[in-house]
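Student: Take this structure, written in structure tokens, and hold onto it; I'll ask about it next.
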Amino acid sequence: MPSNRECSDDEHESDKENSGAPRFGTVQTRGKRSSESYDPLEWGPRKKPRKSDALVHHGRHFGRTIYAFANVGALLNFGIGTTSERPPKTPEERRTLRIFVKLLELVPNLEDRVMSADEDDLSLIAAMIQKGAGNARTDDTRSLKMPILDWIFPRDAVGLYPPLSSSTDNLDWNDPDIQRQLRNKEIVAAADDWPFFLFEGEKFNPANPWEGLLRNRLLVLGYKHIFTSPSSTEDIPRATRSGNAAIHGMTEVTPASLAYVATQIRFALSSVSTFTRSDKATDSERFYQSLLELLEDPREAEEVTELMTWWNRQIFPASSTARPALEQSNSSNHGGAVSSAGGAGTGGRAAAPR
1 MPSNRECSDD EHESDKENSG APRFGTVQTR GKRSSESYDP LEWGPRKKPR
51 KSDALVHHGR HFGRTIYAFA NVGALLNFGI GTTSERPPKT PEERRTLRIF
101 VKLLELVPNL EDRVMSADED DLSLIAAMIQ KGAGNARTDD TRSLKMPILD
151 WIFPRDAVGL YPPLSSSTDN LDWNDPDIQR QLRNKEIVAA ADDWPFFLFE
201 GEKFNPANPW EGLLRNRLLV LGYKHIFTSP SSTEDIPRAT RSGNAAIHGM
251 TEVTPASLAY VATQIRFALS SVSTFTRSDK ATDSERFYQS LLELLEDPRE
301 AEEVTELMTW WNRQIFPASS TARPALEQSN SSNHGGAVSS AGGAGTGGRA
351 AAPR
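Per UniProt numbering, the sequence shown starts with residue 1, numbered consecutively.
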């Protein structure tokens, strides 16, 4: 059984200041690079890195907080090939470009490196970042399997309610026979059948799907375990080394990091022991994407902003992003230097997650 050590996985590395805004689409003067045929937002192939690099360090944070299942090589090629003359045309391409820009903002001097890299160098850069994201995902998966059993109290058998799936919404999830068929895999819950642990108190309100969504105690404990330190989940936290959030200068919860933690908690509650690309039993990638699609939906902006404020109160209570937008506005009017609550503006609608 893996040990639950208190040091952060990134404790031996440090970030440098990122200077300059990303200038994606800068014209390259070198030869043409062969393009990768993979989807930038699908899990990339395994590549053996040739040497250790600080990019691995940043790759860990990229996977946890920006996009967990990216094919980094394809992502870099897509971003480099996007110019004002060749802008993204579809919503998926625009989303991919946003992720590329966030990666450039995360890693110091990455833009200069990728714009001057030849094909081999670019492959190495991608492999380093990919390795970091993969290592972080593996480490988090292993470290959550044991403590999550201690977090579940009382240890009641909790059913599922699938607010998304029309194919299984006629099932009685509390029926012992249905539970038996689920255990025996006679019935398989789809990746977009959302479990009760996503909701506060394990209660789903069909009349208001946003009620308690992504505010469950298990999620908060999982988030603290990964980002602040395993000991921060205890009633009386112990003094430990800096957690991953502190190491990377993270001061607010991101929608992608919330979807990542929910995906890790869901996997930890499963009987599957290894997080692999070929795992169709949990289909973790699709589950992650279904959450991220909701959190990035402009129509849900008001609810998402409120949700992020709630989360920042749980994880980063001293941050200005943990304060409601109205309170921040009032402070600003009285001379307080505060920042926005984050996310999109108001005007969203309460609707079933899609």
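Backbone N, C-alpha and C define an ideal beta-carbon position, used for all residues, glycine too.
#1: Exposed or buried, which one is Ala-207 when buried takes at least 16 other CB atoms within 10 Å?
#2: Strictly by DSSP, which residues pair up with Leu-213?
#3: Spatial neighbours of Ala-245 within its chain, please: CB distance less than 7 Å, with the 5 preceding and 5 following residues excluded, ordered by chain position.
#4: Within the continuous alpha helix (DSSP H) that includes residue 380, where are the two ends?
#5: Given this structure, state the Cα-to-Cα distance separating residue 370 from Val-114, to the nearest angstrom.
#6: Alpha carbon to alpha carbon, how far is Lys-224 from Ile-178?
#7: Note down the Cα distance separating Gln-181 from Asn-174, rounded to an integer number of angstroms.
#8: Excluding the five sequence neighbours on either side, which residues of its own chain have a C-beta within less than 6 Å of the C-beta of Ala-268, listed in chain order?
#9: Is there a C-beta anywhere in chain C that falls below 8 Å from the one on Pro-298?
#10: Note down the Cα distance separating Ser-319 from Asn-109, rounded to an integer number of angstroms.
#11: Determine the closest residue to His-57 out of Glu-85, Arg-94, Ala-126 and Arg-95, with distance taken between C-alpha atoms.
#12: Nearest to Glu-105 by alpha carbon, out of Gly-201, Leu-218, Gly-79 and Ile-152?
#13: Quick one: is Asn-184 buried, meaning 16 or more other Cβ sit within 10 Å of its Cβ, or exposed?
#14: With a threshold of 16 other CB atoms inside 10 Å of the CB of Gly-201, please say whether the residue is buried or exposed.
#15: Pull up the distance between the alpha-carbon of Phe-196 and that of Arg-215, whole angstroms please.
#16: Going by the CB atoms, is the gap between Ile-315 and Val-272 shorter than 8 Å?
Tutor: Let me lay it out:
#1: The residue you call residue 207 lines up with position 207 of the sequence shown. By the 10 Å Cβ count, Ala-207 comes out exposed.
#2: Taking the first residue of the sequence shown as 1, we reach residue 213 at position 213. For Leu-213, which the question treats as bridged, DSSP gives the partners Phe-199.
#3: As a working note, residue 245 is residue 245 in the sequence shown. So the list reads Phe-227 and Thr-228, once near-sequence residues are dropped.
#4: Residue 380 cannot be examined here, being either before or after the span of the chain that is shown, 1 to 354.
#5: This structure cannot settle anything about residue 370, because the visible part of the chain is limited to 1 through 354.
#6: Position 224 of the sequence shown, counted from the start, is the residue given in the question as residue 224. Position 178 of the sequence shown, counted from the start, is the residue given in the question as residue 178. One C-alpha to the other measures close to 34 Å.
#7: In the sequence shown, counting from the first residue as 1, residue 181 sits at position 181. In the sequence shown, counting from the first residue as 1, residue 174 sits at position 174. Rounded to whole angstroms, Gln-181 to Asn-174 spans 12 Å at the Cα level.
#8: Translated into positions along the sequence shown, residue 268 becomes position 268. Within the same chain, Ala-268 has close Cβ partners Leu-144, Lys-145 and Ile-148.
#9: You won't find chain C in this structure, because it holds only one protein chain.
#10: Walking along the sequence shown from the start, residue 319 turns up at place 319. Walking along the sequence shown from the start, residue 109 turns up at place 109. Computed Cα separation, rounded: 27 Å.
#11: Counted from its first residue, the sequence shown places residue 57 at position 57. Closest option to His-57, Cα to Cα, is Ala-126.
#12: Along the sequence shown, one-based indexing puts residue 105 at 105. For Glu-105, the nearest C-alpha among the options comes from Gly-79.
#13: In the sequence shown, residue 184 corresponds to position 184, counting from 1. With fewer than 16 Cβ atoms within 10 Å of its Cβ, Asn-184 is classed as exposed.
#14: Taking the sequence shown and counting its residues from 1, the one referred to as residue 201 is at position 201. With fewer than 16 Cβ atoms within 10 Å of its Cβ, Gly-201 is classed as exposed.
#15: Taking the sequence shown and counting its residues from 1, one reaches residue 196 at position 196. Taking the sequence shown and counting its residues from 1, one reaches residue 215 at position 215. Cα to Cα, Phe-196 sits roughly 11 Å from Arg-215.
#16: As a working mapping, residue 272 is identified with position 272 in the sequence shown. As a working mapping, residue 315 is identified with position 315 in the sequence shown. No, Cβ-Cβ distance for Val-272 and Ile-315 is not below 8 Å.
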